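Trainee:
Residue numbers (my numbering): 1246 to 1558.
#1: Verify whether the separation of the beta carbon atoms of residue 1356 and residue 1349 is less than 7 Å.
#2: Quick one: give me the first and last residue of the beta strand (DSSP E) that residue 1247 is part of.
#3: Use the C-beta contact count for residue 1444: other C-beta atoms within 10 angstroms, 16 or more gives buried, fewer gives exposed.
#4: In terms of alpha-carbon separation, which member of 1409, 1282, 1292 lies closest to residue 1524?
#5: Note down, in chain order, each residue of its chain lying with its Cβ closer than 8 Å to the Cβ of residue 1277, except the 5 sequence neighbours on either side.
#6: Starting from the Cα of residue 1338, find the closest Cα among 1315, 1352, 1320, 1480 and give me that residue.
#7: Pairing CB atoms from the region 1498–1510 with CB atoms from the region 1459–1474, are three or more of them under 8 Å?
#8: Could you have a look at residue 1415 and say whether DSSP puts it in helix, strand or coil?
#9: Which one of 1378, 1431, 1479 has the shortest CA to CA distance from residue 1543?
#10: At the level of alpha carbons, what is the spacing between residue 1472 and residue 1494?
#11: Given residue 1403, which residues of its chain have a CB within under 7 Å of its CB, disregarding the five upstream and five downstream residues?
#12: Restricting to runs no shorter than 3 residues, where is the beta strand (DSSP E) found entirely within the region 1353–1428?
#13: Mind checking which residues open and close the beta strand (DSSP E) that includes residue 1265?
#14: Run through the DSSP bridge pairs and tell me what residue 1314 is partnered with.
#15: Cα separation between residue 1555 and residue 1344?
#16: Compare the C-alpha of residue 1565 against each of 1329, 1296, 1312 and name the closest.
#17: Could you check the C-alpha separation between residue 1424 and residue 1539 for me, to the nearest Å?
#18: Rounded C-beta distance between residue 1489 and residue 1526? I'm assuming under 8 Å.
#19: Could you pull the start and end residues of the alpha helix (DSSP H) that residue 1479 belongs to?
#20: Out of curiosity, what's the CA-to-CA distance linking residue 1359 and residue 1500?
#21: With distances taken Cα to Cα, identify the nearest neighbour of residue 1454 among 1354, 1319, 1516, 1331.
#22: Can you tell me whether residue 1275 is buried or exposed? The criterion is at least 16 other CB atoms within 10 Å of its CB, across all chains shown.
#23: Mark residue 1257 as exposed unless 16 or more other C-beta atoms lie within 10 angstroms of its C-beta, in which case mark it buried.
#24: Taking all protein chains shown into account, do 16 or more other C-beta atoms lie within 10 angstroms of the C-beta of residue 1477, making it buried, or fewer, making it exposed?
#25: For residue 1537, which residues of its own chain have a beta-carbon under 7 Å away from its beta-carbon, when the five flanking residues on both sides are left out?
#26: In this structure, how does DSSP classify residue 1459 when only helix, strand and coil are distinguished?
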């Protein structure tokens, strides 16, 4: 078992077969999972439905090896409380030719040197740490992104973006995409207006009627966004990212969000609860799958809003 930084792992031609990845930078973790899914068949599992993982055969319907990916691995110790459950889980991992366990938080030394994660780490080829970039590196990444699009952004405006959005790469990606698409000149006033204006901007405000169960408002906003040319997979990806933040808050963690956004998300998370949010996240993953195989993403998203009590369908 070797320790690798996620930045180094992303440069590898072939990823290790058995991996435990942990760390605070969710965007980089998901980039690594995306890299894996481009070269291998994968099947995702969640801690709240481990019975599906235990029945996993290791191959797809069309033959060939499939790599199981367990998301939100930080919830595993709470789900595998009994010694017999942990032993069965470790035995299952030991019998697999490949697996990935993604933990969306940093595992401290004491967690990796005892208990469940010590046992899991001993079964891996690599433990990958998804460590956040420094603020200086974030500034350089933003500057480089704008230059690729033929736009120069002075450091003082990059500072404004980071002050408003924070250093979470997922949020920065969506927000800077929006700024790059703006046809006029980007001034500080324009940036502040575009980024989280009024605390409930589009498409970022779409999450509120979805989670609150206001199906009519959600459908109207969705229709408006698609009429304006919103890209379906980007919209689904944004909703997934927002729900993941809500899940983090429901688990008692504090994701890197602007203060006003965090407060509004905390209210949503309290209202809905962890179980419902996890069901919603699973449903959004299904919508993404349907969209990629040619389904109608707008119809599938509206179905979710209409069937809030059955987000696990």
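Yeah, the Cβ is synthetic: ideal placement off N, Cα and C, and Gly gets one too.
The model shown is predicted, which means the values in this text are computed figures rather than measured ones.
Mentor: For this structure:
#1: no
#2: It spans 1247–1250 - the beta strand (DSSP E) in which residue 1247 sits, taken as one unbroken run.
#3: Confidence in residue 1444 is poor, its pLDDT being 39 and thus under 50, which makes the residue's placement unreliable; the coordinate value appears in the next sentence. Looking at its Cβ environment, which holds fewer than 16 other Cβ atoms inside 10 Å, residue 1444 is exposed.
#4: 1292
#5: 1251, 1254, 1255, 1260, 1266, 1373, 1375
#6: For the residues 1315, 1352, 1320, 1480, the minimum Cα distance to residue 1338 belongs to 1315.
#7: no
#8: helix
#9: 1479
#10: 32 Å
#11: Here the set comprises 1384, 1387, 1388.
#12: 1371–1374
#13: 1263–1267
#14: 1289, 1345
#15: The predicted model places residue 1555 with a pLDDT of 43, which falls under 50 and marks its position as unreliable, so this point remains unresolved.
#16: Any question about residue 1565 goes unanswered here, given that the chain covers just 1246 to 1558.
#17: 29 Å
#18: With a Cβ gap of about 7 Å, residue 1489 and residue 1526 count as contacting.
#19: Taken as a continuous stretch (DSSP letters only), the alpha helix (DSSP H) holding residue 1479 covers 1477–1495.
#20: 26 Å
#21: 1516
#22: buried
#23: Around the C-beta of residue 1257, fewer than 16 other C-beta atoms lie within 10 Å, and the residue is accordingly described as exposed.
#24: buried
#25: Within the same chain, residue 1537 has no close Cβ partners at all.
#26: coil
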